[in-house]
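Written below as structure tokens is the structure these notes are about.
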Amino acid sequence: MILEQIKQGFIRELADKGQREDGRGLLDYRAIKVTKGFAPNAEGSALAEIGRSKVLCGIKFDVMTPFADRPTEGVVMVNAEFSPVAHPEFRAGPPDEKSIELARVVDRGIRSAKVVNVDNMLVTEGKVQGIFIDLYILDHDGNLIDTAALAAMAALKDAKVPKFEEGKIVRGTSSGSLPLKDIVVSTSFEKIGKTIMVDATDAEEIASSGRLSLGTANDGKVCSSQKSGSAGFSKDEYLQMIDWAHEKRRDLLAKI
Amino acid sequence: MKQLVFPGDKVADEPRRIPGCYIEDGKTYAANVSLQSDDHVVPLKGYYVPKTGDDVIGIVEEERFSGYNLALNSPYGGSLSARDTRDELKLRDAVYVKILAVNEVKEAVLIEPQKLQPGSMIAVDSVKVPRIIGRNGSMLDTLAKFTGSRITVGKNGVVHVEGGNAELAMKAIEKICRESHTSGLTERITQMLEQETRNAPRAGEQNG
Amino acid sequence: MVEKADLFKNGKRLDGRGPMDLRPLKITAGVLERAQGSALVEWGRNKVLAAVYGPHEVLPKHLADPTKAIINARYIMAPFSGQEEHGRSGPNRRSIEISKVAKHVFENAVLVDQFPKTMIDVHMEVLQSDGGTRVAGITAGAVALADAGIPLRDLPVGLSAGLIGEHMVLDLDKYEDNLGDSDMPMVILPRTGEILLSQMDGLLSREDISKAFDMIFQGAQKVRDKQIEALRTSYERMAAQAAQGETQ
């Protein structure tokens, strides 16, 4: 931690020259690796790694009471756990604002693009399918949002819907893959000084003064946007990042 | 002609150090809601931040082995070393003191303490201090003349009143603060003081 | 029951507004006695109260930043604020996220370097909600900060845009937010045009987003005018009271 704080000045100097500590280009992702089915007890799972960051996503189905105003709609819930194993600054306990933000941003992307079709998920009278998407941050070296979004999307692709009998879930069975209507990936940009870069490391995030995370879906659409940090972005910077996000989408899709 | 300016309004096309304003990209903008007349910008509200050379009134809030910590009506406090203090000070004593230096986190190093006698004190927004003092101290003179009180004003907005018709002095000071941005204030204060002292024994003629 | 088709008919929205029309907006500064600064925003049927305390000491002390003030932003909805049943008291995940993004707005707009090692509290209490409470809250917070005399680069302004079918509209109310196709709340710093808050859900093309930005930048001027009016009125009220104070 202290090391990262000290590095701030150095990273800013490099950024001013358009350079990065690990020699990457401003728009280069680190090595991306996705392993589906990493946690086989879950109905769907995937471990996503971007550089040294690692997020494990597990998906569990269940039978749930629907929302009162949407009685046949399935319920999707995204939760993120910033496990203390991932970073010396993560403490055990209730989710803090960063972990809540990450979960909600990943959720918004998936929900906006209607990745999972939740209509007609009635299991029995008064009960619908519930899909729990749990994101476990295991190793934090920056860009957790993109890594988590990748893990979630890959886990959704990996997921097998269990059989439901007499209003109850029968674990260990499968009635086929979870039908998906769209594929969402996330690209996050950090602003260091006046320089904007993609896929920041932990040290780069500490040196950064602002972040924009964009979720992209098929057909050139943006499905979620979250600006964070104190730096402001101009309209032109924002639109430029949309273009870059669509470019990067291709690389990310190839990994799932 | 006075006019109100608001945060973000441009005040000058060059960088200028004006209270209540900030400089960005070589231009000066207002940071506070302020009254501007020509070059003069006065924020309506402000916070006292310790400045080297200011004479302020502090209240002892902690006694340490090596000295005292004083509250300065500011988000920042000051410290007085025991070495520099003649009288012994106690918790809640009021001290008129000079700021020798201010460190990077705006804490003040204080010297030349003068313990103030028990009296009444009021903490006001430091932007009102010039009004309480008046041009060349004229307002303070007026107050002293009508009340016979000893009035000490710290740059940090703490005002200490002792002796004479302290109650009237405090009332007048509160009125000055409330109406500090209006015109004709000096006349109104003088009027009020005249009225109040006409109805009561003159200052200096009170019990003993 | 309002349905999506009702939201936009014959060029008019459900409440009769055109695409660029804002709901009625009234801002009052200095509404609370104890808070250093305060503001009430009545925007459509929203009522949001903002209060500012500070700069004050940070406790516990080790959390203080020796280079600047820390912003403690708190967005919270009163349990009676919505149209449905009694909500739970206290922060929930949504309000924690909104508090975070609001904090980022104020971290930029407030000249935090001027108050190292202190904390500034900005409370945004939603008393009544009808869509767009976060932008209303931050708009109120800006006025409360100015009312408190805390130095700002500019007054940040919040406004939302959204897509209803193929129509991009400004300032979504509750129905448009819930039934429409996309919601983009934004906060900008009018002087520089910087985007300080930007969130989005729904599916939008680059062109949609660009159009939304332009509409928001235009509409934001009207909101800023109301903020200024609130601060000016508060000053005039104070000056009038002072003039009347002759009788005291």
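As they're listed, the protein sequences go chains A, B and C. Residues in the first sequence are numbered consecutively from 347, following the numbering used here. Residues in the second sequence are numbered consecutively from 1290, following the numbering used here. Residues in the third sequence are numbered consecutively from 67, following the numbering used here. Built from N, CA and C at the ideal position, the CB exists for glycine as well.
Under the three-state DSSP convention, the category residue i falls into
i: Y119 (chain C); result: strand
i: Q572 (chain A); result: strand
i: I204 (chain C); result: helix
i: Y375 (chain A); result: coil
i: P1304 (chain B); result: coil
i: Q194 (chain C); result: strand
i: F428 (chain A); result: strand
i: F579 (chain A); result: strand
i: G268 (chain C); result: strand
i: G1426 (chain B); result: helix
i: R303 (chain C); result: helix
i: I602 (chain A); result: coil
i: H334 (chain C); result: Since the first and last residues shown for chain C are 67 and 314, residue 334 (chain C) lies out of range.
i: F356 (chain A); result: helix
i: S1368 (chain B); result: strand
i: S554 (chain A); result: coil
i: H189 (chain C); result: strand
i: G285 (chain C); result: helix
C-beta atoms of residue i and residue j nearer than 8 Å
i: V1413 (chain B); j: G1446 (chain B); result: yes
i: G96 (chain C); j: V118 (chain C); result: no
i: A312 (chain A); j: Q365 (chain A); result: With chain A running from 347 to 602 in the structure shown, residue 312 (chain A) is simply not present.
i: V1386 (chain B); j: P1402 (chain B); result: yes
i: A577 (chain A); j: S559 (chain A); result: no
i: G390 (chain A); j: L502 (chain A); result: yes
i: E99 (chain C); j: A144 (chain C); result: no
i: L229 (chain C); j: L270 (chain C); result: yes
i: K288 (chain C); j: L88 (chain C); result: yes
i: Y301 (chain C); j: L1293 (chain B); result: yes
i: S1452 (chain B); j: R1467 (chain B); result: Checking the displayed sequence, the identity of residue 1452 (chain B) turns out to be Gly instead of Ser. No, the pair does not count as a contact, with Cβ atoms beyond the cut-off.
i: H486 (chain A); j: D442 (chain A); result: no
i: M467 (chain A); j: T411 (chain A); result: no
Neighbourhood of residue i by C-beta distance below 8 Å, restricted to the same chain and skipping five residues each side
i: T1431 (chain B); result: G1423, T1475, I1478, T1479, L1482
i: G522 (chain A); result: K506, V507
i: R457 (chain A); result: V422
i: L604 (chain A); result: Outside the shown range of chain A, which is 347 to 602, sits residue 604 (chain A), and nothing can be said about it.
Sequence-distant residues of its chain with Cβ nearer than 6 Å to residue i (five each side left out)
i: N1496 (chain B); result: Any reading at N1496 (chain B) must be qualified, since the residue scores a pLDDT of 48, below 50, and its modelled position is unreliable; the value itself is stated next. Closer than 6 Å at Cβ, skipping near neighbours: no residue.
i: A563 (chain A); result: A459, D528, V530, C569
i: A438 (chain A); result: P430
i: V452 (chain A); result: V424, A494, A495, A498
i: S1409 (chain B); result: V1450, A1455, M1459
i: D480 (chain A); result: G404, N425
i: R416 (chain A); result: none
i: G224 (chain C); result: V201, I204, T205, V253
Cβ-based neighbour list, residue i, same chain, cut-off 7 Å, excluding 5 preceding and 5 following
i: K1395 (chain B); result: V1338, P1339, Y1365
i: Q314 (chain C); result: Summary for Q314 (chain C): the model assigns pLDDT 42, below 50, so the residue's position carries little reliability; its value from the coordinates is reported in the next sentence. Cβ neighbours of Q314 (chain C) beyond the five flanking positions: none.
i: D492 (chain A); result: I396, S532, T533, S534, D545
i: D267 (chain C); result: S248, D249
i: E583 (chain A); result: I542
i: A449 (chain A); result: V424, N425, A426, L481
i: D1298 (chain B); result: Y1318, A1319
i: V469 (chain A); result: V409, Q475, F510, G513
Opposing strand residues paired with residue i [DSSP bridges]
i: Y1318 (chain B); result: B:K1299, B:Y1311
i: S523 (chain A); result: A:K506
i: H1329 (chain B); result: B:S1326
i: K134 (chain C); result: DSSP output for K134 (chain C) lists no bridge partner at all.
i: W109 (chain C); result: C:L91, C:N112
i: V451 (chain A); result: For V451 (chain A), which the question treats as bridged, DSSP gives no partner whatsoever.
i: E1351 (chain B); result: B:N1358
i: H233 (chain C); result: C:I230
i: C403 (chain A); result: A:A392, A:L481
i: Y1385 (chain B); result: B:I1346, B:Q1403
i: I1462 (chain B); result: Partner(s): none; I1462 (chain B) has no beta bridge.
i: P182 (chain C); result: Note: P182 (chain C) sits in no beta bridge, so no partner.
heavy atom of the ligand NAP below 7 Å from residue i C-beta
i: N1358 (chain B); result: Although the ligand NAP was asked about, the structure shown includes no ligands whatsoever.
**Request:** Below 8 Å between beta carbons is the criterion; list the residues of the region 423 to 436 of chain A that meet it against any residue of chain C, in chain order.
**Result:** none
**Request:** Please name the residues in the region 267 to 298 of chain C whose beta-carbon is closer than 7 Å to at least one beta-carbon of chain A, in chain order.
**Result:** D267, G268, L269, L270, S271, R272, I275, S276, F279
**Prompt:** Relative to chain B, which residues along the region 247 to 265 of chain C have a C-beta separation below 9 Å, given in chain order?
**Reply:** L255, P256, R257, T258
**Request:** Pull out every residue of the region 120 to 147 of chain C whose Cβ sits closer than 8 Å to any Cβ of chain B, in chain order.
**Result:** G120, P121, H122, E123, P132
**Request:** Pull out every residue of the region 206 to 228 of chain C whose Cβ sits closer than 9 Å to any Cβ of chain B, in chain order.
**Result:** A208, L211, A212, D213, A214, G215, I216, P217, L218, R219, D220, L221
**Asked** Relative to chain C, which residues along the region 573 to 598 of chain A have a C-beta separation below 9 Å, given in chain order?
**Response** K573, S574, G575, S576, A577, G578, F579, S580, K581, E583, Y584, L585, I588, D589, H592
**Item:** Chain-ordered residues of the region 476 to 487 of chain A with a beta carbon less than 9 Å from chain C
**Value:** none
**Positions along the region 1458 to 1488 of chain B whose CB lies within less than 7 Å of some CB in chain C** = K1464, R1467, E1468, H1470, T1471, R1477
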